[in-house]
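When we follow our numbering, the leftmost residue of the sequence shown carries the number 249, and every step to the right adds one.
Positions of the beta carbon are idealized from the N, C-alpha and C atoms, including for glycine.
In this text, all values refer to a predicted model and were calculated from it rather than measured experimentally.
Below is one structure, written out as structure tokens; the observations come after it.
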Amino acid sequence: MAERGSSGSATGGSTSLSARARDAVLQRIVDRRYAQGARLVEREVAEELSMSRVPVREALRALVAEGLLELLPNSGVRVRRLERDDVEHLYEVWEPLAVQASRLAARAVVAGGDKGLPGLAALEASLRQAESAAAADEGTREVAAHTAFHEGVVELAGNPLLARTMEQLSWQLRLLFGLREEPAHMRAQHAEMYRHIAAGDAEAAAASTLLHVRDSRAVALRSLFGSE
Numbered sequence: 249m250a251e252r253g254s255s256g257s258a259t260g261g262s263t264s265l266s267a268r269a270r271d272a273v274l275q276r277i278v279d280r281r282y283a284q285g286a287r288l289v290e291r292e293v294a295e296e297l298s299m300s301r302v303p304v305r306e307a308l309r310a311l312v313a314e315g316l317l318e319l320l321p322n323s324g325v326r327v328r329r330l331e332r333d334d335v336e337h338l339y340e341v342w343e344p345l346a347v348q349a350s351r352l353a354a355r356a357v358v359a360g361g362d363k364g365l366p367g368l369a370a371l372e373a374s375l376r377q378a379e380s381a382a383a384a385d386e387g388t389r390e391v392a393a394h395t396a397f398h399e400g401v402v403e404l405a406g407n408p409l410l411a412r413t414m415e416q417l418s419w420q421l422r423l424l425f426g427l428r429e430e431p432a433h434m435r436a437q438h439a440e441m442y443r444h445i446a447a448g449d450a451e452a453a454a455a456s457t458l459l460h461v462r463d464s465r466a467v468a469l470r471s472l473f474g475s476e
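Structure representation (structure tokens):
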């Protein structure tokens, strides 16, 4: 309950609390604790997060602006339902960025030598975590591992502008990954991407990523809407 006592008299304190509230609400959307179409009541969310209503109100407004929540006609907000067009638009933007991230990551491995080893180790750890989660039938943990893999590729690419651009998509991708199926072949595709990146083969890494993203799109559309 300490967060209630933080007055936020300094602008930075208020901003920090609203950012924490935003991340907490986002995580609940991704984990599906807040289901698509669910109405969120500011007072109830504030109580759940043990925060005052001001940072929660700011967080909900921010998420409306980002398109993950939508305003209700009379009052309040609800979790926005993903429509087919939303998914199509997301993949249209993500595809070229993901392909370029893999290409740059492979080039970085060649250029950086041993400097790239920590990034490769992080990717390999994500692969192991995804396999472990799948074996234990822990869907949420598997989604987290898959997300970490893609974020790791972006980090290894070493392009700050690409990283900032991808950051804007990260929560929408996490939400989508959490809603769709996670077939075993998707994990195998990640492993193939890793092999090409680790080998420094930029064009093979790009090609395998293109295949993966397009397959991911087909899986998402089939899972959510029954057709590709």
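Simplified DSSP assignment, three categories, for residue i
i: arginine 268; result: helix
i: arginine 443; result: helix
i: arginine 280; result: coil
Where the alpha helix (DSSP H) through residue i begins and ends
i: glutamate 295; result: 290 to 297
i: leucine 486; result: What the structure shows of the chain is the stretch from 249 to 476, and residue 486 is not part of that stretch, so it cannot be assessed.
i: leucine 338; result: 332 to 360
Bounding residues of the beta strand (DSSP E) (the contiguous stretch that carries residue i)
i: arginine 326; result: 325 to 327
i: glutamate 477; result: There is no way to answer for residue 477, as the model of the chain reaches only from 249 to 476.
Residue from the options whose Cα sits closest to the Cα of residue i
i: glycine 400; options: Ala378, Ser374, Glu390; result: Ser374
i: arginine 462; options: Glu372, Glu343, Ala381, Leu365; result: Glu343
i: tyrosine 339; options: Leu469, Ser298, Arg291; result: Leu469
i: valine 193; options: Arg280, Ser264, Asp271, Arg268; result: No statement about residue 193 is possible, as the shown extent of the chain runs from 249 to 476 and does not include it.
i: glutamate 372; options: Arg435, Ala313, Arg332; result: Arg435
i: valine 467; options: Ser350, Glu429, Asp334; result: Glu429
i: arginine 416; options: Glu296, Asp362, Arg305, Ala310; result: Sequence inspection shows glutamine at residue 416; the arginine mentioned does not correspond to that position. Checking every option, the nearest Cα to that of glutamine 416 belongs to Ala310.
Beta-carbon contacts of residue i that lie in its chain and below 8 Å, excluding the five residues immediately before and after
i: glutamate 403; result: Gly367, Ala370, Ala411
i: leucine 316; result: Leu274, Ile277, Val327, Arg328, Trp419, Gln420, Leu423
i: threonine 395; result: Ser418, Leu421, Arg422, Phe425
i: alanine 432; result: Ala382
i: leucine 319; result: Val312, Val325
6 Å Cβ shell around residue i - same chain, five flanking residues per side excluded
i: arginine 301; result: Glu290, Ala294
Same chain, Cβ closer than 7 Å to residue i, neighbours up to 5 away in sequence not counted
i: alanine 354; result: His444, Ile445, Gly448, Asp449, Ala450, Ala453
i: alanine 393; result: Ser374, Gln377, Ala378, Ala381
In the stretch 411 to 441, which residue ranges form an unbroken alpha helix (DSSP H) of at least 4 residues, counting only runs that do not cross its ends? none
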